[in-house]
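In this note's numbering, the protein residues as written are 1 to 732. From the three backbone atoms N, C-alpha and C, an ideal C-beta is built for every residue, glycine too. Please read the structure below before turning to the comments.
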């Protein structure tokens, strides 16, 4: 995959501190980079003076008691959407007419905050109304929802609502427990992945909306709660046409504009409840994001590393029939959304929830909001980041602590820790004791690691320390973070020598499990198998091995013919119920010719996950090694039915078809294999040889030329020489 390594041209984050009620879409204007003012009213009158950081939360023109009663609730969460990159927020370089129209007739919360800056825990906050230290999910992997926590869908279902969810990407897989209470939890994005690929397990927003809208219409006449999640603005930023051309210089903005277009039919259907019969109350629409995106601010490329406003602030719009439009300037939090949705639907508000309904009048005292960014700690062993926002003050607890006055300094450029020691002490004392460190983390499965790595999340085993120093502070390690993302980008571009060099630099500066795993995979892809073994063995010996490192090492040893060592490495992991570990064990057993044992292991996988494509892929390999062409073909086809992106399954299918006397179909299968993974040189070589056999000289020559030019000599030296000889014989 590619990770953005440039700064997308986006205006600095500003609170819309003084905007009036929205009368027309796009009325709000963001401050210019050098301005000290907030947004101005439409008549050009001067904005009010910004409140001080010590003042209570302002209500603003819309910050008052409201009464809203609805039949249905539609919750829309957009992944990785900054609060300041929408038309209604004053961003004039992006077109978002549908979201702007929602804001025009709804209530915009200009100071809405997330509590986490990665997808899974943030959505757990939204759906449970609980802080992360309460519900137990602290990162994108290694955690599942505490069974004691009640999901908002369970509350709606208990009240007789039809409940549906359609999500766009792997971090919200049902395996993490967010599916409880939903009649439909549609996480049917592509689930397959090659063991050494950077496959991105997501689906486009238009498909998410299509499925969500179909559910909405099927359940017309019932009270409905629908949650849809669109993943598109997440890196890598690769909008389709026409947005790719329109936003060639700002592909992130292209993704945002595309999301707006995708939402149009669903928003139209939900807002169409205005025209219902008088006895029907219509729908509440809640529009927000799980977190924002840094886009280079504070040195962070994407998100998950810091918790500055570009990633912590989120858009939040509430819309319902008859709701007076406006801008609410008080601090609004993700934990406030469950009480807000329940009250609008006329359901009882649980007293144990920390949030408050946004229909209620603003609190007299300054509101507080907990925040954390724990991925660097959990995955790399760096210092954990926790903090609080109270009123306009923001405190970040790190070895080098930080305090910002968000009213006077929205860019968080002046650390006030030394000037405001009293406020620092107060906020430090307000930090919830339950959030203390470290949390208990579950085992991160191999499949999770592969998928999350594909999405740009560097999941791993972070070594925990009793005390962290300034050397562990993420602020002092941000350049190392950029290098890790650069390694992934270079890998995705196919520049493996540069990726290898940079990964080695990272390990030399600060050894980390994830860097060892990345380096091992890069070496493997280049055919440097002995070097990969050396690196991964060193990671295990030094205590920096992830499960991914063990898996990569086992597969490398298997390719080198050291089957018993590979099997011995995987046996302990194969004792778990993790299908990915079992698949890897099955694979090394099959490569060793121990097909009966491999089948036993893979049957366990299919008992756990009947639709697991990799299990069928490895069963195809086992059958291929036995010469059972019919079984090979059956398992390969089943794997491809479940996930046709598997290059290996296409290769195995080609082998079966060739041996069944169907060479032209075999060539087609190998072509598909190479399309899906250009580095599958086994399939490329097979294609060349069989094309030559059937007299297709042009196709054979093209494949051989590519094989000679691209196949790593360390793995294919003899075959490269044979190919050169054949090419010489054909008069190249």
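Does DSSP put residue i in a helix, a strand or coil?
i           : result
residue 302 : coil
residue 483 : helix
residue 405 : strand
residue 335 : helix
residue 491 : helix
residue 79  : coil
residue 212 : helix
residue 312 : helix
residue 340 : helix
residue 289 : strand
residue 99  : helix
residue 397 : strand
residue 369 : strand
residue 720 : helix
residue 694 : coil
residue 699 : helix
residue 225 : strand
Looking at residue i: is its Cβ nearer than 8 angstroms to the Cβ of residue j?
i           : j           : result
residue 178 : residue 172 : yes
residue 113 : residue 375 : no
residue 256 : residue 205 : no
residue 282 : residue 215 : no
residue 625 : residue 649 : no
residue 129 : residue 335 : yes
residue 514 : residue 380 : yes
residue 587 : residue 557 : no
residue 371 : residue 307 : yes
residue 582 : residue 593 : no
residue 653 : residue 637 : yes
residue 768 : residue 138 : Given that the chain is displayed from residue 1 to residue 732, the structure contains no residue 768 and the question cannot be resolved.
residue 180 : residue 342 : no
residue 231 : residue 168 : yes
residue 655 : residue 632 : yes
residue 527 : residue 715 : yes
residue 383 : residue 315 : no
residue 584 : residue 551 : yes
residue 525 : residue 548 : no
residue 680 : residue 647 : yes
residue 480 : residue 506 : yes
residue 160 : residue 218 : no
residue 285 : residue 102 : yes
Classify residue i as buried or exposed, calling it buried when 16 or more other Cβ atoms lie within 10 Å of its own Cβ.
i           : result
residue 729 : exposed
residue 422 : exposed
residue 718 : exposed
residue 664 : exposed
residue 509 : exposed
residue 311 : buried
residue 119 : buried
residue 577 : exposed
residue 351 : exposed
residue 469 : exposed
residue 725 : exposed
residue 488 : buried
residue 746 : As shown, the chain starts at 1 and ends at 732. That puts residue 746 outside it, with no answer to give.
residue 203 : buried
residue 413 : exposed
residue 134 : buried
residue 471 : exposed
residue 546 : buried
residue 733 : Given that the chain is displayed from residue 1 to residue 732, the structure contains no residue 733 and the question cannot be resolved.
residue 67  : exposed
Are any of the Cβ atoms in chain D nearer than 8 angstroms to that of residue i?
i           : result
residue 356 : Checking the listed chains, one finds no chain D in this structure; it contains a single protein chain.
Counting beta carbon pairs with one atom in the segment 68-88 and one in the segment 289-309, are three or more of them shorter than 8 angstroms? In short, these stretches touch, since the Cβ pair count reaches three.
Tell me the start and end of each unbroken beta strand (DSSP E) in the segment 502-575 that is at least 3 residues and wholly inside, in chain order. Counting whole runs of 3 or more residues, the segment 502-575 contains no beta strand (DSSP E) stretch at all.
Alpha helix (DSSP H) runs wholly inside the segment 622-688, at least 4 long, in chain order: The segment 622-688 contains these whole alpha helix (DSSP H) runs: 629-642, 647-659, 663-676.
Count Cβ pairs between the segment 423-436 and the segment 486-505 that sit closer than 8 angstroms; are there 3 or more? The segment 423-436 and the segment 486-505 do not touch, with fewer than 3 CB-CB distances between them shorter than 8 angstroms.
Within the segment 232-283, note down every full alpha helix (DSSP H) run reaching 4 residues or more, in order along the chain. Those alpha helix (DSSP H) runs which fall completely within the segment 232-283 and span 4+ residues are 243-246, 251-271.
What runs of the alpha helix (DSSP H), each 4 residues or longer, lie entirely inside the segment 574-615? DSSP assignment within the segment 574-615 yields the following whole alpha helix (DSSP H) runs of 4 residues or more, N-terminal first: 579-591, 595-608.
If we require 3 or more residues per run, which beta strand (DSSP E) segments fall completely within the segment 110-186? Taking only runs of at least 3 residues, the beta strand (DSSP E) segments lying wholly in the segment 110-186 are 162-166, 184-186.
Taking 8 angstroms as the cut-off, does the segment 548-556 touch the segment 564-573 (at least 3 CB pairs, one atom from each stretch)? Because the criterion of three Cβ pairs below 8 angstroms is met, the segment 564-573 and the segment 548-556 touch.
Taking three-plus beta-carbon pairs below 8 angstroms as touching, is the segment 260-272 in contact with the segment 80-98? Between the segment 260-272 and the segment 80-98, the count of C-beta pairs closer than 8 angstroms reaches three or more; the two stretches touch.
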